[in-house]
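In what follows, a single structure is set out as C-alpha cells and then discussed.
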Amino acid sequence: MDLKTGQAERLAPAMDEGYHVSYGVAPISAGGRYVAFIARPTADENGAYACRVMLLDRRTQQVRRVSRPADGSKNFHQCQQVSMSADGRKVAYLEGYSGPADDDQGDILVYDRVTGGTVQADATHDGATADMSAVDPVLSPDGSKVGFNSRATNMVPQADPNGGWNAFVRDLRTGTLQRYDGHSPTARPSCAAENPGQRLMRPRMARAPRVRRMGSRRREAISCKCRRW
Numbered sequence: 012m013d014l015k016t017g018q019a020e021r022l023a024p025a026m027d028e029g030y031h032v033s034y035g036v037a038p039i040s041a042g043g044r045y046v047a048f049i050a051r052p053t054a055d056e057n058g059a060y061a062c063r064v065m066l067l068d069r070r071t072q073q074v075r076r077v078s079r080p081a082d083g084s085k086n087f088h089q090c091q092q093v094s095m096s097a098d099g100r101k102v103a104y105l106e107g108y109s110g111p112a113d114d115d116q117g118d119i120l121v122y123d124r125v126t127g128g129t130v131q132a133d134a135t136h137d138g139a140t141a142d143m144s145a146v147d148p149v150l151s152p153d154g155s156k157v158g159f160n161s162r163a164t165n166m167v168p169q170a171d172p173n174g175g176w177n178a179f180v181r182d183l184r185t186g187t188l189q190r191y192d193g194h195s196p197t198a199r200p201s202c203a204a205e206n207p208g209q210r211l212m213r214p215r216m217a218r219a220p221r222v223r224r225m226g227s228r229r230r231e232a233i234s235c236k237c238r239r240w
C-alpha cells in the first residue's frame, strides 16, 4: 500500500516451476522499487524444499530467486524471516530446516543483488558448524551490517557468559562478528544478563543504528527486553 495515496497494489508476478506468491514477510525497499517475498509451489506448499525467497523489481517486473537451491543435505527449508536494506541491494533471510531441537536448525544468509553472491552471516569464527540455530535477521539500512539472534556458544572465540540467547552483528564489509550478550557494562544495568533471575530476551539491532563513541571504538546500538524468571 502507498501510504501517501492510500492505493493498494496486489503483487502477483509470474514465476516458473509452478511457484506462486505465498504467505510471509515481504519487505520493500525505501524507494518502493524492490520487494522481497516468499514463494511456494502451487501443488504442495508444504512439500520438501518448498520455500523460496524471491525479489521483484516493480519497475521492470523482473523476478529473481534470492534463496539458494536445496542441495538435498537438509530435509525441509523455511524462509519466513526476511529483511532488506533500504536500497534493495541486500536481502537477509533465515534458511531453516527440521532436525533435533538442540541442534543447528537454521542459518542466516545475505544475498547481494548486484554481485549475485551469498554470504552466511552466522558462520563461526573457526569454520565449524554452529552448535545452535540462528534466527531473526535484520539488515542495517545501508546494508553494511546484519544482526541476528542465536543460542550458539561457538560463534565467536570468547566463552558464552550466559548460556542463552544473544545478539550478534556481522559487518558485511570486514567480515567481523560481534556478540552482544547483555553483560555489564550496558546502557541498562538492570538488564545485565548476570543479574539473578534474568535473561536477555529477543535482542534487536536498532532500526537506524546509532553509533556511540567509547574512546576510539564504535558500537552498534542494541536494544533488548529483560524478563525475570
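Under our numbering, read the sequence shown as residues 12 to 240, first letter to last.
We put the CB at the ideal spot given by N, CA and C, even for glycine.
query: Completely contained beta strand (DSSP E) runs for the segment 105-145, where each covers 3 or more residues; result: 117-123, 129-131
query: Backbone CA spacing between MET65 and ASP114 [nearest angstrom]; result: 27 Å
query: Nearest neighbour of ASP133, chosen from ASN165, LEU14, ARG124, GLY42 [CA to CA]; result: ASN165
query: Cβ distance (whole Å) where ASP147 is taken to contact GLN92 below 8 Å; result: 6 Å
query: Nearest residue (CA-CA) to ASP68, options GLY42, GLN89, LEU183, GLU106; result: GLY42
query: Residue(s) in a DSSP beta bridge with GLN73; result: ASP68
query: Length of the line joining the Cα atoms of MET95 and ILE49; result: 13 Å
query: Length of the line joining the Cα atoms of GLN73 and ALA170; result: 46 Å
query: Among ARG100, GLY186, LEU22, ASN160, the one whose alpha carbon lies nearest that of GLY138; result: GLY186
query: For ALA97 and ASP13, believed in contact at Cβ under 8 Å, the rounded distance; result: With a Cβ gap of about 17 Å, ASP13 and ALA97 do not count as contacting.
query: Straight-line Cα distance separating GLN89 from ALA141; result: 18 Å
query: 8 Å Cβ cutoff met for HIS136 and VAL180; result: no
query: Range of the contiguous beta strand (DSSP E) that encloses TYR30; result: 30-32
query: Nearest-angstrom beta carbon gap, LEU183 and SER155 [assumed within contact, 8 Å]; result: 6 Å
query: Straight-line Cα distance separating LEU188 from GLY174; result: 18 Å
query: Unbroken beta strand (DSSP E) run spanning GLY158, endpoints; result: 156-161
query: Chain-order list of residues whose beta-carbon lies under 8 Å from that of ARG79 (same chain, five-residue window excluded); result: GLU106, LEU120, THR129
query: Where the beta strand (DSSP E) through ALA50 begins and ends; result: 45-52
query: Where MET26 falls: helix, strand or coil (DSSP); result: coil
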